[in-house]
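Take a look at the structure set out below.
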Amino acid sequence: MTPPQALPNGTAADGTPPAAASLCLSTLTKRVDFLRAARAPRVVTPGFVLQMRARSAGEAEGIRIGVTCSKKVGNAVARNRAKRRLREIARLVLPEHGREGMDYVLIGRAKVTASRAFCDLRADLIRSLAKLHDRTQ
RNA sequence: GCGGAGGGCCGGAUGGCCGCUGCUGUGGGGGCGACCCUGCGGGAGAGGAAAGUCCGGACUCCAAAAAGCAACGGUGCCGGGUAACGCCCGGGCGGGGAUCGGCGGGGUAACCCGCCGGGAACCCGACGGAAAGCGCCACAGAAAACAGACCGCCAGCCGUCAGGUCGGGCAACCGAAACCGGCGGCAGGUAAGGAUGAAAAGGUGGGGUAAGAGCCCACCGCGCCGCUGGCAACAGGGGCGGCAUGGCAAGCCCCACCGGGAGCAAUGCCAAAUAGGGACCGCGUGCCUGCUGGCAACAACAGGCGGGGCCGCUUUUGCCCCAGCAGGUCCGGGUUGGCAGCUAGAGCUGUCCGGGUAACCGGGCGGUAAGAGGAAUGGUCAUCGAACCGGGGCGCGUGCCCUGGGGAACAGAAUCCGGCUUACAGGCCCUCCGCGCGC
RNA sequence: GCGGGUAUGGUGAAAAGGUAUCACGGCAGCUUCCCAAGCUUUAGUUACGGGUUCGAUUCCCGUUACCCGCU
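First residue of the first sequence: 62, per this note's numbering; consecutive thereafter.
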């Protein structure tokens with residue numbers, strides 16, 4: 062058994078972020094929040110669709126994240142698996158790359174969300190966030 | 001060894017890092033509040049179907065649900081099990097079933113085909129009633145349901161013909177007569193036969209008859225009545241009846257039994273907020289006694305009588321109401337927060353003992369047990385890994401060995417249980433029956 | 001999660017246990033100089049799988065898909 066830190070891509074990403082994670086992420090639960098985000102700018106990648114909306118003042122605090130999958134993704138097992146993977150990349154990426162006062166919505170896609178390599182999925186999210194942030198500047 | 005047929009179990013494994021949701025111990029913090037958040041330690045966290053929502057219950061509300069009636073729905077061989085069931089077990093009856101026996105046909109033969117009978121393990125069956133009633137049975141066919149009589153068959157009577165017959169004649173032919181026969185008609189007998197059809201009024205064989213027919217006889221079937229066995233469904237055998245009851249009840253229906261309705265988005269509590277609002281319907285504007293207030297009318301309270309209401313009707317008990325209110329329907333407004341219900345129950349299961357053919361029941365000892373709430377139970381990496389694909393070797397062959405790729409079915413608790421049904425990669429185990437061979 | 005309903009040509013609808021019908025549309029043909037209109041013709045697993053029945057779109061059971069209601 063070789064220790065895991067010998068592997069190059071395992072240690073690089075998950076160095077410190079979990080400590081910072083606790084302060085911001087909360088979950089979107091209301092249908093209206095999802096509908097507002099659906100009208101906001103979006104980026105489409107093979108594994109997911111990312112929507113980002115800047116909240117108006119006094120609405121809520123911190124970064125909020127919503128995850129959703131339609132019936133097109135598959136049965137309950139497939140949908141739950143897709144949502145779990147999306148939640149995991151959000152947990153790893155958003156504390157570092159997310160912005161205060163934003164609602165993010167991740168939408169799963171059929172087949173690909175569950176099968177795409179995890180590191181690719183994470184890189185897709187970082188790239189998409191950068192794109193959206195550039196666009197709103 | 002060949003062939004056939006059942007049942008049960010499992011449902012990828014190990015480890016590293018990083019997470020999620022309850023519980024518990026301890027510490028800290030927040031909210032007006034119901035309550036909530038959080039650090040550290042400990043321990044727990046999807047299935048055999050969690051699925052479909054097809055049955056049965058627990059539980060909650062509809063005030064309680066005792067009895068009867070009606071309506072509606074369900075179940076349906078018998079017995080047992082169970083909290084209960086449309087489930088399970090055992091039995092009965094019917095059907096299927098490898099093989100076997102008999103008969104017939106084809107073939108030189110091996111064998112093949114058809115019919116009938118018995119029938120292994122086992123499989124299938126909504127399997128009460130069609131002589132209580134109603135309804136339906138298209139097309140075809142003479143006829144489709146108290147049978148009837150289209151064709152046919154048959155003796156009789158009448159008419160007709162002179163083919164057979166009889167007489168004469170060598171013969172051609174002549175004559176006689178309605179006996180046989182043909183044709184037509186009349187009034188009957190008969191249901192054996194008749195293209196059909198899913199189904200044709202007991203079947204097969206013999207006797208019998210003018211022709212026929214359960215008209216008679218034998219066997220089979222059917223019905224009725226005893227007997228024997230069985231708790232029963234039913235089976236066996238006996239006698240009697242000459243046959244009456246075509247099918248469909250997953251058509252209406254009859255019989256027996258069961259069922260009040262809605263469902264955890266039930267329901268209860270708390271917080272916050274609002275207009276604690278309005279319209280219509282229904283019932284109704286009581287009587288007596290006591291006490292208090294009042295000059296009195298009367299009002300409030302308590303008790304009795306009477307009346308009304310309680311999601312079909314009646315009765316009983318009970319509860320509520322009597323001056324505006326409990327009840328019903330609708331319109332409008334506010335909230336979309338928190339907690340409980342919420343997981344230990346007819347629990348599940350291992351083993352032993354006892355009862356039972358079994359399902360199952362009783363007892364002892366032990367093990368085990370998620371409770372989320374836009375919904376946790378995972379993400380990722382590594383190693384090992386079944387199916388499957390390719391190459392090589394061994395072997396007569398099923399196959400075995402080496403090696404490279406490959407990479408795990410159906411599927412995610414949502415109040416909880418007992419079943420059923422449906423989906424499912426692959427693996428493991430056990431049992432039964434027939435035939436053949438060996439001992 | 002709980003409860004209820006529907007399925008028939010491409011679309012919308014009928015049909016009593018007995019030949020699957022109607023309208024619009026599509027394809028092809030006739031007609032016309034061409035188009036329109038008109039006429040003729042054509043295409044169904046009655047969602048799927050079983051059962052009852054002589055016979056099923058219809059009756060019964062199971063499956064699938066879709067739709068509706070309930071805090």
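For every residue, glycine included, the Cβ atom is placed at its ideal position computed from N, Cα and C.
(message) Helix, strand or coil for R160? Go by DSSP, reduced to three states.
(response) coil
(message) Alpha carbons only, please: which of K192, T197, R196 is nearest the one belonging to T106?
(response) K192
(message) Going by DSSP, what residue range makes up the alpha helix (DSSP H) through A115?
(response) Looking at the DSSP string, A115 is not in any alpha helix (DSSP H); the run it does join, the beta strand (DSSP E), is 109–115.
(request) May I ask you to report which of helix, strand or coil DSSP gives T197? (result) helix
(request) Look at G214 and A171 and say whether their C-beta atoms are less than 8 Å apart. (result) Only positions 62 to 198 of the chain appear in the structure, and residue 214 is not among them; the question remains open.
(message) Does the region 95–106 come into contact with the region 144–163, if we say contact requires no fewer than three beta-carbon pairs (one atom in each stretch) closer than 8 Å?
(response) no
(request) Taking L186 as the reference, give the member of A115, R152, D94 with the closest Cα. (result) Proximity to L186 across A115, R152, D94 peaks at R152, based on C-alpha coordinates.
(request) Taking all protein chains shown into account, decide if S189 is buried (16 or more other Cβ within 10 angstroms of its Cβ) or exposed. (result) buried
(request) Could you pull out every residue in the same chain whose Cβ sits closer than 6 Å to the Cβ of R125, ignoring the five residues on either side in sequence? (result) S87, L89, D164
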